[in-house]
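Numbered per my numbering, the sequence shown finishes at 443, counting up by one with no gaps. By construction, the Cβ of each residue, glycine as well, lies at the ideal position given by its N, Cα and C atoms. Report on the following structure.
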Amino acid sequence: DSTIGMRDATFTWSTTSSSASPGGTFAAPRRSFTLTVAEELTLCRGKINLIVGPTGSGKTSLLMALLGEMHFTPLTASAWVNLPREEGIAYAAQESWVQNETIRDNILFGAPYDEVRYKKG
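What follows is the structure, given as structure tokens:
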């Protein structure tokens with residue numbers, strides 16, 4: 323099947339809900355986020371697919387789930403996850419960073435200052 327996507331699935335970073343600490347007490351897992359995809363989510367092959375949302379909404383988790391980096395748990399008997407790899411696949415993670423400069427210099431990133439463009443945002 324060449325469909326890219328998932329149906330009726332949850333994904334977690336850990337397979338356990340708690341872990342024992344050295345003192346014998348239980349601590350919450352380091353990454354307890356659960357991604358839930360109710361119904362079906364498919365991506366269009368050969369097209370630009372956008373995944374947008376605010377910080378912490380699960381965009382990276384969705385990509386990691388597709389790549390098989392998160393633990394899959396089906397919600398129903400018809401649940402599935404598929405990312406065909408016979409033609410290869412690439413993932414380039416975004417890593418945010420700022421220069422040790424002013425906010426203005428970080429926005430301009432070496433370009434000349436244009437007051438109209440700068441204030442336009």
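Looking at the secondary structure, which residues open and close the alpha helix (DSSP H) in which residue i lies?
i	result
residue 404	First-last for residue 404: 402-404, but that is the beta strand (DSSP E), not the alpha helix (DSSP H).
residue 437	437-442
residue 381	381-388
residue 430	425-430
Against chain D, with Cβ distances strictly below 9 Å, would residue i count as a contact?
i	result
residue 432	Annotation note: the requested chain D is absent from the structure, which comprises a single protein chain.
Just to confirm my understanding: we take residue i, look at its own chain, exclude 5 residues before and 5 after, and list those with CB closer than 7 Å. What are they?
i	result
residue 437	none
The beta strand (DSSP E) spanning residue i covers which residue range?
i	result
residue 330	326-334
residue 356	356-365
residue 395	393-396
Under 6 Å Cβ to Cβ from residue i, same chain only, skipping five residues before and after it: list those, please.
i	result
residue 327	363, 364 and 365
Would you please state the rounded distance, in angstroms, between the beta carbons of residue i and residue j? I believe it to be under 8 Å.
i	j	result
residue 405	residue 389	7 Å
residue 332	residue 358	5 Å
residue 330	residue 401	4 Å
residue 413	residue 385	7 Å
By Cβ distance below 8 Å, which residues in the same chain neighbour residue i in space, the five residues on each side in sequence not counted?
i	result
residue 367	324 and 326
Is the segment 375-383 touching the segment 395-412, taking contact as three or more C-beta pairs under 8 Å?
Segments in contact, no.
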